[in-house]
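Engineer: The letter at position 747 of the sequence shown is residue 746 when you use numbering that gives the first Met the number 0, and the numbering goes up by one with no holes. By construction, the Cβ of each residue, glycine as well, lies at the ideal position given by its N, Cα and C atoms.
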Amino acid sequence: MFDDLTISAATISDVPQLVQLVNSAYRGESSKKGWTTEADLLGGIRIDETSLTDLIKRPGACLLKCTNNRGEFLGCVYLHHYQDEMYLGMLTVSPESQASGIGKQLLEASEEYARQEDCKAITMTVISIRNELIAWYERRGFHLTGEKQPFPNDPRFGIPKQPLEFVVMKKKLIHNKHTNQGKEHITQSRTVDTMTDAHDNPLLKRWEGPYGGVPPFDSVEVPQFKPALEAAMADNLDKVKQIASNAEAPTFDNTIAAMERADRTFRNVHIVYNIWSANMNSPEFQLVEREMGPKIAAFSDQIIQNEQLFQRIEAVYQSPEKAKLTPEQQRLTWHYYNNFVRAGAKLNAADKARLSQINQQLARQFTRFSQNVLADESEQYVVLQNEADLEGLPQSARDVVTAAVAAKKITGVGIITNTRSSVAPFLTYSSRRDLREKVWRMFISRGDNGGEHDNNAISTEILQLRAQRAQLLGYPTHAHWRLENTMAKTPEKAMELMEAVWKPAVARVQEEVADMQQIASKDGVNKIEPWDYSYYGEKVRKAKYDLDQDEVKQYLQLEQLREGMFWVAGELFGFSFTLVSNIPVYHPDVRVWDVKDKTTGRHVGLWYFDPYTRTGKKSGAWMNAYRRQEQMDEPITTIVSNNSNFVKGKPGEPVLISWDDASTLFHEFGHALHGLSSNVTYGSLAGTAVFRDYVEFPSQLLEHWLSTPEVLQRFALHYKTGKPIPKDLVEKIEKASTFQQGFATTEYLASGLIDMKIHLAGTQKIDPDAFERETLAQLGMPSELVMRHRLPHFLHIFSSDSYSAGYYSYLWSDVITADAYGAFTEAGGPYDKVVARRLYEYVFSVGNTIDPTESYRLFRGRDAKIDGLMQKRGFPINNVH
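(1) May I ask you to report which of helix, strand or coil DSSP gives Leu-40?
(2) Just the C-alpha distance for Ala-685 and Phe-738, rounded to the nearest angstrom, thanks.
(3) With H, G and I counted as helix, E and B as strand and the rest as coil, what does DSSP make of Leu-557?
(4) Taking just the CA atoms, how far does Phe-339 sit from Ile-255?
(5) Based on the DSSP secondary-structure assignment, which residues constitute the bridge partners of Phe-165?
(6) Using only alpha-carbon positions, find the residue among Tyr-272, Tyr-747, Gln-97, Leu-51 that is nearest to His-79.
(7) Report all residues from its chain with a CB closer than 8 Å to the CB of Glu-733; omit the five preceding and five following residues, and keep chain order.
(8) Alpha carbons only, please: which of Arg-613, His-479, Ile-457 is nearest the one belonging to Ala-402?
(9) I need the boundaries of the beta strand (DSSP E) containing Ile-415, first residue and last residue.
(10) Note down the Cα distance separating Glu-746 from Leu-546, rounded to an integer number of angstroms.
(11) Which residues in the same chain have their Cβ closer than 8 Å to the Cβ of Glu-562, if we skip the five residues on either side of it in sequence?
(12) Please report the distance separating the alpha-carbon of Gln-301 from that of Val-438.
(13) Give the single residue among Gln-104, Asn-455, Glu-110 whose Cα lies nearest to the Cα of Ala-769.
(14) So does the region 652 to 666 actually touch the region 591 to 607, counting three or more Cβ pairs closer than 8 Å?
(15) Report the three-state DSSP secondary structure of Pro-365 (helix, strand or coil).
(16) Taking the straight line between their C-alpha atoms, what separation do you get for Gln-307 and Phe-265?
(17) Could you please give the first and the last residue of the uninterrupted beta strand (DSSP E) stretch that includes Ile-638?
(18) Cβ atoms of Pro-393 and Tyr-336: under 8 Å apart, would you say?
(19) Taking the alpha carbon of Ile-635 as the point to measure from, which residue in Ala-233, Ser-683, Ser-662 has its own alpha carbon closest?
(20) Find the nearest neighbour of Arg-507 within the set Glu-825, Arg-861, Glu-783, judged by alpha-carbon distance.
(21) What are the boundary residues of the alpha helix (DSSP H) that Val-500 is part of?
(22) Give the DSSP-derived three-state secondary structure of Val-76 in the structure shown.
(23) Around the Cβ of Lys-832, are there at least 16 other Cβ atoms within 10 angstroms (buried) or fewer (exposed)?
(24) Go to Asn-623, then tell me how far its alpha helix (DSSP H) extends in each direction, as first and last residue.
(25) When you compare each of Ala-248, Ile-582, Thr-598 to Val-591 by their alpha carbons, which one comes out closest?
(26) Keeping to the same chain, check which residues put their C-beta closer than 8 Å to that of Ala-362; ignore five residues upstream and five downstream.
(27) Which residues in the same chain have their Cβ closer than 6 Å to the Cβ of Gln-370, if we skip the five residues on either side of it in sequence?
(28) Under a Cβ-count criterion, where at least 16 other Cβ atoms within 10 Å of its own Cβ denotes burial, should Trp-34 be classed as buried or exposed?
(29) What first and last residue would you give for the alpha helix (DSSP H) that runs through Ala-423?
(30) Identify, in the order they occur along the chain, each residue of the same chain with its Cβ nearer than 7 Å to the Cβ of Ile-11, setting aside the five sequence neighbours on each side.
(31) Can you tell which of Lys-731, Pro-222, Leu-4, Ala-405 has its C-alpha closest to the C-alpha of Glu-111?
(32) For Ser-677 and Tyr-809, what's the separation of their Cα atoms in angstroms?
(33) In whole angstroms, what is the alpha-carbon distance linking Leu-40 and Ile-133?
(34) Pairs of beta-carbons, one from the region 61 to 71 and one from the region 128 to 143, closer than 8 Å: are there three or more?
(35) When the distance is taken between beta carbons, is His-788 closer than 8 Å to Ser-844?
(36) Between the C-alpha atoms of Glu-773 and Val-268, what's the straight-line distance to the nearest angstrom?
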């Protein structure tokens with residue numbers, strides 16, 4: 000609709016049309032078609048022709064206009080250069096054209112103009128109660144300075160309907176080294192030249208510092224990513240070309256081992272790029288993401304589709320000499336050969352070209368999907384207006400919501416942000432059913448609100464592209480392609496497991512709902528709705544087990560639990576953790592620990608911890624490997640991180656977390672220990688580089704140690720008294736361990752089943768909303784709850800291929816987890832040294848050097864049984880095998 004837009008400097012002759020545009024966007028009934036309207040706050044006009052003419056004539060001023068190819072005025076922005084800053088005002092988009100990206104383009108053009116004028120920052124004023132507008136600017140890198148200014152007492156700028164004041168916002172500008180476009184040629188299609196000399200780019204330099212070098216986070220700026228990625232990809236392709244054109248006969252050393260070395264520079268750049276994407280995702284970075292995502296996909300295909308290279312890999316794989324290689328070298332050779340074949344190395348030239356086109360399109364849509372979810376999570380919130388809106392919330396929850404409203408400088412007593420860590424406590428404790436529904440609907444509608452951040456069409460395209468790719472590669476569906484390289488091997492095996500657990504889980508939900516309804520009926524609630532489940536579930540927990548989750552929370556201090564995780568790692572694997580301060584970090588919230596072997600003092604790796612939520616950080620919790628462990632040419636230790644989204648409370652007070660969040664904390668630390676324990680020769684097989692339905696086994700296993708008496712007595716300490724959690728409270732936790740497993744298992748399985756079924760649907764064009772609704776009805780989904788991740792925000796399966804047709808993996812891994820923990824209980828306890836040593840030797844340290852089925856058999860002496868899982872969740876075992 001707006002393909003041919005031009006952003007250029009306005010002149011005096013444009014004033015009449017611009018005045019009409021500005022007033023239509025800010026004043027009067029017509030302005031209410033758009034979200035920038037101030038009609039409810041101010042009467043009169045926004046500006047007149049005399050005032051606008053005076054502004055244009057001011058020394059250092061510029062008024063940019065946005066027009067289409069028909070000459071229609073769609074937007075404008077006023078800029079004034081004063082000293083070393085650029086003032087930005089009157090950013091306007093016509094009401095009919097809002098939510099189409101014109102405002103973003105005008106803002107980007109303004110920032111570019113300011114850079115060309117050598118300004119260090121852009122400042123602006125916003126009416127203090129325009130919370131949505133303030134949030135819009137915050138997502139684009141502006142911050143509140145704390146300064147306030149009075150609203151002008153001048154009818155030329157409008158007549159206030161209530162007392163108003165301005166807040167001042169500012170954004171620091173990052174300058175590029177080369178800016179070669181003139182100011183008179185600012186257009187929508189032009190991009191800022193961000194090229195930086197390679198030898199000056201810290202992303203391309205060898206990591207320096209202690210511990211074998213660390214990421215140069217303190218030197219990284221967003222404009223460096225594009226040139227660094229392009230230079231690193233070129234370097235990688237050059238090395239691949241050398242390997243492919245080697246005149247010597249293919250061998251493990253000159254082909255497979257050479258490939259292990261070829262991408263080291265790219266890996267270092269790409270991991271920092273991914274860290275920024277997940278943790279520091281600014282509007283400026285999103286522009287880089289949108290451009291570079293498809294380029295990275297094309298780069299990967301260039302390697303896979305290099306015919307000379309694949310012939311060499313295949314020759315090594317099929318050579319009789321392979322039998323003379325070590326088992327790990329044979330596994331690595333299989334790894335390369337298998338990955339190349341599965342990615343299309345054997346296709347003809349036409350099919351390879353089409354495959355590469357699909358992969359680039361997918362990369363583009365993955366980025367759009369992720370950015371849309373992030374936008375909804377960052378932008379949307381529910382304001383709690385008064386004390387009555389806090390009804391039912393315990394003090395710990397009140398502290399969080401009031402701290403959040405203070406941080407955003409919003410009028411009200413608190414806010415619920417659109418993230419699970421904020422929403423879940425409110426749904427559990429708020430006695431305001433109307434607000435619970437409002438918060439719940441906000442949360443489950445992420446990516447499903449229509450407009451520019453809606454993900455339904457994007458997910459439809461992703462599904463079609465995946466189906467087309469699977470057919471090109473010779474598989475019936477995307478699910479068949481993805482599961483070939485897993486423990487399950489086929490979609491049928493994964494479905495069989497999920498369906499075996501689905502029926503007892505749904506049956507348990509019916510029991511849970513019956514218990515809740517008895518209490519809800521007394522409140523006049525005749526039917527449990529999804530926004531009631533957690534609230535009345537908590538009341539049942541209190542009635543059945545005399546267990547109050549908020550009482551438990553008083554003993555779950557984030558920092559104490561972190562120390563508890565360290566202690567468990569020491570007991571199981573002999574690790575020690577020492578906080579270090581000489582390591583660069585990308586945000587002040589991040590801290591770093593040196594991990595050592597307690598017995599020998601040997602440095603094992605570094606552990607980065609980024610625990611708190613913030614704007615630009617994706618939701619949830621995860622583990623990253625910044626550097627993989629290897630010993631091919633020299634010993635290289637690993638660098639791993641854990642990232643969470645805990646909400647900070649009052650300054651100076653400890654952060655208290657729920658039992659569920661504490662379990663997640665241990666879960667992600669399990670992934671970190673999997674990486675830290677790695678002891679392999681080749682980095683491609685290190686740590687967590689295992690099958691998708693096996694990688695969750697070590698992480699889920701570690702969750703069990705949270706509830707051990709040894710951890711609780713030492714580290715579950717009351718945040719005020721410092722006393723350990725009482726034994727009777729621990730007993731209540733143990734008795735309630737299977738409480739609401741119907742809810743937890745059913746909401747998870749609903750997502751797992753939908754994920755698998757939608758990826759088994761083939762090339763048909765799918766309406767995600769209809770598919771979700773109809774499939775859940777066929778499954779007999781209880782109406783009292785929804786799937787854990789609805790399709791429009793299901794990042795696991797639509798932000799990359801990673802967990803697509805693979806969300807079942809958590810259940811598959813949990814079968815192994817429950818069975819593995821049985822090895823400890825059978826041996827005498829969770830800290831049995833002999834079992835712990837076997838766990839390290841055959842599971843945590845071996846990475847992907849051996850098949851996971853064989854790895855588990857070496858640890859357990861047999862295959863895993865489902866019985867432990869069913870017992871863990873409190874479900875009947877009969878006929879489930």
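Structural biologist: This is what the structure holds:
(1) Stepping through the sequence shown from its first residue, residue 40 is reached at position 41. In this structure, Leu-40 counts as coil in the three-state DSSP scheme.
(2) In the sequence shown, counting from the first residue as 1, residue 685 sits at position 686. In the sequence shown, counting from the first residue as 1, residue 738 sits at position 739. Cα to Cα, the separation comes out at about 37 Å.
(3) Taking the first residue of the sequence shown as position 1, residue 557 is located at position 558. The answer is helix: DSSP assigns Leu-557 an H, G or I state.
(4) As a first step, residue 255 is located in the sequence shown; it is residue number 256 there, counting from the start. As a first step, residue 339 is located in the sequence shown; it is residue number 340 there, counting from the start. Answer to the nearest angstrom: the Cα atoms are 12 Å apart.
(5) Along the sequence shown, read from residue 1 onward, the residue named residue 165 stands at position 166. Its beta-bridge partners are Ile-126, Gln-148.
(6) Translated into the one-based positions of the sequence shown, residue 79 becomes position 80. If we check each option's Cα against that of His-79, Leu-51 comes out closest.
(7) In the sequence shown, residue 733 corresponds to position 734, counting from 1. Closer than 8 Å at the Cβ level, and outside the excluded window around Glu-733, lie Ser-706.
(8) For this step, residue 402 is matched to residue 403 along the sequence shown. If we check each option's Cα against that of Ala-402, Arg-613 comes out closest.
(9) Locating residue 415 in the sequence shown gives position 416, counting from the first residue. 413 to 416 is the span of the beta strand (DSSP E), which, as asked, contains Ile-415.
(10) The count along the sequence shown starts at 1 and reaches residue 746 at position 747. The count along the sequence shown starts at 1 and reaches residue 546 at position 547. When rounded, the distance between both Cα atoms is 23 Å.
(11) Taking the first residue of the sequence shown as 1, we reach residue 562 at position 563. So the list reads Phe-714, once near-sequence residues are dropped.
(12) Taking the sequence shown and counting its residues from 1, the one referred to as residue 301 is at position 302. Taking the sequence shown and counting its residues from 1, the one referred to as residue 438 is at position 439. In a straight line, the C-alpha of Gln-301 is about 46 Å away from that of Val-438.
(13) Locating residue 769 in the sequence shown gives position 770, where the first residue counts as 1. Checking every option, the nearest Cα to that of Ala-769 belongs to Asn-455.
(14) no
(15) As a working mapping, residue 365 is identified with position 366 in the sequence shown. Per the sequence shown, the amino acid found at residue 365 is Phe instead of Pro. Note: Phe-365 maps to helix in three-state DSSP.
(16) Sequence index remark: in the sequence shown, residue 307 carries index 308 (1-based). Sequence index remark: in the sequence shown, residue 265 carries index 266 (1-based). One C-alpha to the other measures close to 21 Å.
(17) Residue mapping note: residue 638 aligns to position 639 of the sequence shown, counting from 1. Counting along the chain, the unbroken beta strand (DSSP E) around Ile-638 starts and ends at 637 to 645.
(18) Translated into positions along the sequence shown, residue 336 becomes position 337. Translated into positions along the sequence shown, residue 393 becomes position 394. Against a cut-off of 8 Å, the Cβ pair of Pro-393 and Tyr-336 comes out as no contact.
(19) On the sequence shown, residue 635 is found 636 positions in, with the first residue counted as 1. Shortest Cα-Cα distance from Ile-635 to any of Ala-233, Ser-683, Ser-662 involves Ser-683.
(20) Locating residue 507 in the sequence shown gives position 508, where the first residue counts as 1. Selected option, being the one with the closest Cα: Glu-783.
(21) Counting from 1 along the sequence shown, the entry for residue 500 is found at position 501. Element bounds for Val-500: 490 to 521.
(22) Counted from its first residue, the sequence shown places residue 76 at position 77. DSSP places Val-76 in strand when its eight states are reduced to three.
(23) Within the sequence shown, residue 832 is the residue found at index 833, counting from 1. Its Cβ having fewer than 16 others within 10 Å, Lys-832 is exposed.
(24) Locating residue 623 in the sequence shown gives position 624, counting from the first residue. Taken as a continuous stretch (DSSP letters only), Asn-623 belongs to no alpha helix (DSSP H), being part of the beta strand (DSSP E) at 621 to 626.
(25) Your numbering for residue 591 matches position 592 in the sequence shown. Minimum Cα distance to Val-591 is reached at Ile-582.
(26) Along the sequence shown, one-based indexing puts residue 362 at 363. Same-chain partners within the cutoff: Gly-292, Pro-293, Ile-295, Ala-296.
(27) Here residue 370 corresponds to residue number 371 of the sequence shown, with the count starting at 1. Result list for Gln-370: Gln-285, in chain order.
(28) By 1-based counting over the sequence shown, the position of residue 34 is 35. By the neighbour-count rule (16 or more Cβ atoms within 10 Å), Trp-34 is not buried but exposed.
(29) Numbered from its first residue, the sequence shown carries residue 423 at position 424. Per DSSP, Ala-423 belongs to the alpha helix (DSSP H) from 419 to 428.
(30) The count along the sequence shown starts at 1 and reaches residue 11 at position 12. Taken in chain order, the residues that qualify are Thr-52, Ile-55.
(31) Taking the sequence shown and counting its residues from 1, one reaches residue 111 at position 112. Minimum Cα distance to Glu-111 is reached at Pro-222.
(32) Walking along the sequence shown from the start, residue 677 turns up at place 678. Walking along the sequence shown from the start, residue 809 turns up at place 810. Ser-677 and Tyr-809 have their C-alpha atoms some 22 Å from each other.
(33) Against the sequence shown, residue 40 aligns to sequence position 41. Against the sequence shown, residue 133 aligns to sequence position 134. Their backbone Cα atoms lie some 16 Å apart in a straight line.
(34) no
(35) Residue mapping note: residue 844 aligns to position 845 of the sequence shown, counting from 1. Residue mapping note: residue 788 aligns to position 789 of the sequence shown, counting from 1. Against a cut-off of 8 Å, the Cβ pair of His-788 and Ser-844 comes out as no contact.
(36) Stepping through the sequence shown from its first residue, residue 773 is reached at position 774. Stepping through the sequence shown from its first residue, residue 268 is reached at position 269. In a straight line, the C-alpha of Glu-773 is about 44 Å away from that of Val-268.
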